[in-house]
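In order, the protein sequences belong to chains H and V.
Start counting at 1 in the first sequence, then tack on 4, and there's your number in the numbering used here.
Start counting at 1 in the second sequence, then tack on 56, and there's your number in the numbering used here.
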Amino acid sequence: MNVKSEASRNFSRRGFLGLTAAAAAVPLLAACGGGSSSSSAGGAIKFWDMPWATPAYNEAAKKITEGFSGANSQASYQTIQWNNFYQTFSSAIASKTGPAVSTGGGFQAFQFDQQGQIAYADKVVEALKKNGQFDDFLPGVLEPFKSDKGYVAVPWQLDMRPLWYRKSLFDQAGVAVPTDWPSLLDAGKKLKGIGAVGFATGSGAGNNIGNHLMIMMMINNGGGVFTKDGQLDVMNDRNVEAIEFLLELVSNGVIDPAAVSYTTDNLDAQWKNKKAAFGMYVLGVPQRVGDTSGDLLVASPMAGPHGDKATLVFPNNIMMYKNTPSQDASEAFLVYYMGQLKQLWQQKLMNALPVFKSITELPEFASDPNNVKIVKEYQPIAKTFAAQGTSLNANLAVLDGGQALNQFTQTILTGKTDAKSALTAFQTGLQSVLKK
Amino acid sequence: MSSTTTQSGLARARRGVAPGGSGGGNVNRKSKLSGQTRRTFFWLLLPSIVLLILINGYPLIYAGVQATHDGSLIDTGNFVGVDNFATVLSSPAFWKAAQFTLWFTIVGVFGSWLVGLGLALLLRTKIPAGGTFKVLLLLPWVVPIVVSSTAWNWLVATPDSLIPSIFRNLGLGTPLFLADPHLAAVMVMVFKVWVSFPFMMMMISAALASVDTTVYEAASMDGASKWQQFTQITLPMIARSTYISWILMTIFCVNDFPTIYLLTGGGPVDATTSLVVLAYRSVFQDFQTGPGVAIAFLMTLTLVVVSVLLYRQIRKSSVE
């Protein structure tokens with residue numbers, strides 16, 4: 005008996021090709037989507053929300069959502085994971101099973117507006133004017149959402165990028181916390197002497213902090229990737245100067261030579277293990293790394309060489325979609341939800357800044373001196389990815405986390421380049437993917 | 057013993073023929089099915105056919121539409137013919153990713169095969185606690201990739217991680233395994249071999265289990281050395297499994313997204329960006345749906361060609 009010949013009969017060429025084609029189709033299937041969609045919740049307003057904080061946050065948001073009863077409608081709540089969220093939203097919207105209202109990526113509203121899927125929030129803004137919440141907005145947080153056609157979304161929280169420092173490491177190194185770029189370089193060299201990192205960052209798998217640092221340093225120097233009217237402006241002198249300074253930090257070891265590969269876990273570990281002394285990071289670092297001893301503090305904004313001060317902010321927003329059982333109900337829900345936001349900060353579930361002055365004054369928020377400092381010193385000078393302009397648009401989504409910025413960041417962090425070459429490549433990369 | 061006798065014994069052994077055996081026949085009679093039976097077969101198969109069309113056919117066709125249009129995931133946009141393919145093929149990033157994919161696949165396939173073969177042969181011998189070893193060796197394949205990539209990150213990512221610390225203590229400097237483009241590429245390939253060798257080991261073990269041990273006895277009696285037995289009995293006897301495992305591993309490597317993306321994200325500076333990572337970035341980070349799907353199509357085409365070539369080898373290995 006020849007086993008091979010028996011198997012050979014069962015393994016025909018045609019069968020093999022079918023198997024191969026099916027297996028080979030995997031990348032196609034991966035590339036062409038297939039994101040999740042939810043079943044329709046009948047006439048209720050479907051609200052999709054991201055996991056912005058711990059699971060307790062989503063529980064609280066669900067409770068708020070389910071408390072809605074207006075415009076003869078109810079609301080249902082669904083958490084959407086960040087993983088492939090754009091794919092999830094896109095496929096659901098394409099199949100008309102998407103939400104009526106949602107949170108999402110910082111520039112998502114502009115992306116879907118570009119594709120004709122967003123319902124403008126002008127009536128919501130009018131309602132907020134009537135109930136007093138419009139005047140409660142912190143300065144400058146609502147304006148970026150106003151397009152030629154109307155408000156594409158309403159902001160509900162601010163994701164800021166302040167500077168943090170570990171006091172004990174500065175004490176150990178005997179240096180003051182940097183207040184400008186030269187003092188950062190000087191302090192960084194001394195911190196390196198005690199084995200600490202003078203300007204912590206990272207751009208490894210899934211970590212966009214390094215990307216944000218590049219833009220932050222540009223706008224901290226009065227530069228930015230776009231002009232005031234939204235045209236690409238990568239090669240301006242302020243950007244070149246900022247990148248030259250970052251390369252100087254790299255060459256002096258003030259930025260960790262391994263930073264290019266650091267994930268957010270690696271970065272958290274540096275802050276937790278008293279290795280990181282200073283750096284731009286997200287809000288709530290002490291809570292994030294589990295060190296609330298008071299040693300991790302927010303530093304004041306640094307001044308650039310021309311006296312500019314700025315940091316990066318992502319005004320996260322809530323948007324409405326055209327596919328809704330009732331536009332009136334969508335608007336009523338959004339007005340209702342904005343009115344309930346303070347509960348999330350009262351319960352200390354948010355690591356982000358609120359958009360309402362009244363929430364910043366809540367004792368639960370104001371009892372954290374880091375929060376107060378960020379609101380007082382950073383919020384007024386914070387700029388979006390759109391800097392040097394202020395208007396948000398869909399192109400910013402391509403900039404944020406796109407290949408061009410990521411490659412640029414990693415090139416800078418490896419230090420094997422010069423500023424103009426890296427910026428030129430960055431500009432070319434952006435030009436090839438930005439919508440004209 | 058003459059060499060002719062040895063060769064004769066090895067030739068018989070390669071065919072899986074025990075000493076004195078007949079060798080069997082390659083019976084390949086096609087059964088004649090009646091029209092009624094054929095119709096029954098058709099109706100029984102129909103649900104599967106419909107499912108296959110829905111699951112594989114529709115996405116393939118839709119992907120084809122997207123690859124020839126300039127739209128998004130929501131709106132396919134305007135027909136642009138082969139423009140997306142031209143864009144992709146004229147992009148240096150595509151060729152850099154293709155080059156990395158090629159190396160990743162070659163190392164992934166042959167590295168995991170060599171390690172798998174070595175361990176499969178080792179496990180064939182009587183070693184203490186062999187069963188426990190088998191279970192332990194399967195772990196890299198069984199553990200979810202997100203867990204193993206995190207573990208590898210802990211081992212190598214920072215200067216204070218375990219392996220760089222060992223290098224430093226040995227006076228070999230502090231290698232930045234994921235921060236240096238060349239080391240990161242090597243590290244991703246080593247990780248892939250580590251994740252994949254249990255699969256190869258299982259395939260080869262299964263093939264080896266079907267080999268009659270008397271074949272080796274016959275070859276040994278004919279004077280064949282251990283190396284001759286390995287090269288002229290073992291390898292030919294597992295050739296079929298080897299080619300099949302190579303095809304599957306080639307597909308696994310070319311399509312492998314999580315191994316690379318979780319460990320390095322394709323960096324640093326695109327040093328570990330494979331074609332599937334590039335396709336993902338194009339669609340979901342740069343929102344360039346057409347070019348991204350075009351990359352996926354080119355990958356599929358390449359895989360089919362490679363698989364057909366390897367399939368021919370399988371058929372050759374079946375020829376008596």
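The C-beta atom is built at its ideal place from N, Cα and C for all residues, glycine as well.
Where residue i sits in the DSSP three-state scheme
i, result
"Tyr124 of chain H", "coil"
"Trp56 of chain H", "coil"
"Ala45 of chain H", "Below a pLDDT of 50, predicted positions are generally treated as unreliable, and Ala45 of chain H, at 42, falls in that range; the measurement from the model is reported next regardless. Here Ala45 of chain H sits in coil by DSSP."
"Ala307 of chain H", "strand"
"Asp139 of chain V", "helix"
"Tyr2 of chain H", "The requested residue 2 of chain H does not occur in the structure, where chain H is confined to residues 5 to 440."
"Ala79 of chain H", "strand"
"Ile247 of chain H", "helix"
"Gln285 of chain V", "helix"
"Arg254 of chain V", "Looking at the sequence itself, residue 254 of chain V is Pro, so the reference to Arg does not match. In this structure, Pro254 of chain V counts as helix in the three-state DSSP scheme."
"Ser425 of chain H", "helix"
"Asp140 of chain H", "helix"
"Ile322 of chain H", "strand"
"Gln344 of chain V", "coil"
"Gly433 of chain H", "helix"
Under 7 Å from the C-beta of residue i: neighbouring residues of chain V
i, result
"Thr415 of chain H", "Val325"
C-beta contact flag for residue i and residue j at 8 Å
i, j, result
"Leu142 of chain H", "Gln383 of chain H", "yes"
"Tyr285 of chain H", "Ile213 of chain H", "yes"
"Ile130 of chain V", "Ser94 of chain H", "yes"
"Phe233 of chain V", "Pro220 of chain V", "yes"
"Ser297 of chain V", "Val251 of chain V", "no"
"Leu434 of chain H", "Val238 of chain H", "yes"
"Trp151 of chain V", "Met256 of chain V", "no"
"Gly110 of chain H", "Thr205 of chain H", "no"
"Lys248 of chain V", "Asp312 of chain V", "yes"
"Phe203 of chain H", "Leu236 of chain H", "no"
"Ala279 of chain H", "Asp295 of chain H", "The amino acid at residue 279 of chain H is misidentified as Ala; the sequence shows Lys. No, Cβ-Cβ distance for Lys279 of chain H and Asp295 of chain H is not below 8 Å."
"Val437 of chain H", "Gly405 of chain H", "no"
Any chain H beta carbon closer than 8 Å to residue i
i, result
"Ile130 of chain V", "yes"
"Leu211 of chain V", "no"
"Arg379 of chain V", "Beyond the ends of chain V as shown, which are 57 and 376, falls residue 379 of chain V; an answer cannot be given."
"Tyr299 of chain V", "no"
"Gly321 of chain V", "yes"
C-beta neighbour in chain V for residue i, strict 8 Å
i, result
"Asn270 of chain H", "yes"
"Val238 of chain H", "no"
"Thr418 of chain H", "yes"
"Gln350 of chain H", "no"
"Val254 of chain H", "no"
"Ile97 of chain H", "yes"
"Thr267 of chain H", "yes"
"Ala209 of chain H", "yes"
"Ala401 of chain H", "yes"
"Gln411 of chain H", "yes"
"Gly38 of chain H", "A caution first: Gly38 of chain H carries a pLDDT of 38, below 50, which makes its placement in the model too unreliable to give a value."
"Val437 of chain H", "yes"
"Gln176 of chain H", "no"
"Gly234 of chain H", "no"
Within chain H, partners of residue i - CB distance below 9 Å
i, result
"Pro215 of chain V", "Asp260, Pro261 and Ala262"
8 Å Cβ cut-off: residues of chain V touching residue i
i, result
"Asn88 of chain H", "Phe340"
"Gly283 of chain H", "By Cβ distance, chain V contributes nothing, its closest Cβ being about 15 Å from Gly283 of chain H, past 8 Å."
"Ser94 of chain H", "Ser128, Leu129 and Ile130"
"Gln431 of chain H", "Those do not exist, as Gln431 of chain H stays about 15 Å from chain V at its closest Cβ, beyond 8 Å."
Closer than 7 Å at the beta carbon, the chain H residues around residue i
i, result
"Gly229 of chain V", "Simply none; closest approach about 12 Å."
Chain H contact residues for residue i, given Cβ-Cβ distances below 8 Å
i, result
"Ala240 of chain V", "Ser265"
- prompt: Okay, do the region 403-422 of chain H and the region 339-357 of chain H touch, 3+ Cβ pairs below 8 Å being the bar?
  reply: No: the two stretches stay apart, fewer than three of their Cβ pairs being nearer than 8 Å.
- prompt: Within the chosen definition, does the region 98-118 of chain H reach the region 50-66 of chain H through at least 3 CB pairs nearer than 8 Å?
  reply: Yes: at least three Cβ pairs fall under 8 Å.
query: With a cut-off of 8 Å, do at least 3 Cβ pairs link the region 250-270 of chain V to the region 175-183 of chain V?
result: Touching, yes, given that three or more Cβ pairs across the two stretches are closer than 8 Å.
message: Closer than 8 Å is the cut-off here; do at least three beta carbon pairs connect the region 392-403 of chain H with the region 217-232 of chain H?
response: Yes, the region 392-403 of chain H touches the region 217-232 of chain H.
- prompt: Between the region 330-337 of chain V and the region 102-114 of chain V, do at least 3 Cβ pairs fall closer than 8 Å?
  reply: Short answer: they don't touch.
message: Assess contact between the region 71-83 of chain H and the region 125-137 of chain H, defined as three or more Cβ pairs (one per stretch) separated by less than 8 Å. Is contact present?
response: Too few Cβ pairs lie closer than 8 Å, so no.
Cβ pair count under 8 Å reaching 3, the region 286-302 of chain H against the region 358-365 of chain H: No contact exists between the region 286-302 of chain H and the region 358-365 of chain H.
field: Contact the region 158-171 of chain H vs the region 316-328 of chain H: 3+ CB pairs below 8 Å
entry: The answer is yes - the region 316-328 of chain H touches the region 158-171 of chain H, with three or more Cβ pairs under 8 Å.
message: Does the region 186-200 of chain H come into contact with the region 392-412 of chain H, if we say contact requires no fewer than three beta-carbon pairs (one atom in each stretch) closer than 8 Å?
response: No, the region 186-200 of chain H is not in contact with the region 392-412 of chain H.
task: Answer yes if the region 305-323 of chain V comes into contact with the region 374-382 of chain H, meaning at least three C-beta pairs across the two stretches below 8 Å, and no otherwise.
output: Touching, no, given that fewer than three Cβ pairs across the two stretches are closer than 8 Å.
query: Does the count of Cβ pairs from the region 164-172 of chain H and the region 300-315 of chain H closer than 8 Å reach three?
result: In short, these stretches touch, since the Cβ pair count reaches three.
- request: Could you tell me whether the region 288-295 of chain V touches the region 177-190 of chain H, where touching means 3 or more Cβ pairs closer than 8 Å?
  value: Because the criterion of three Cβ pairs below 8 Å is not met, the region 288-295 of chain V and the region 177-190 of chain H do not touch.
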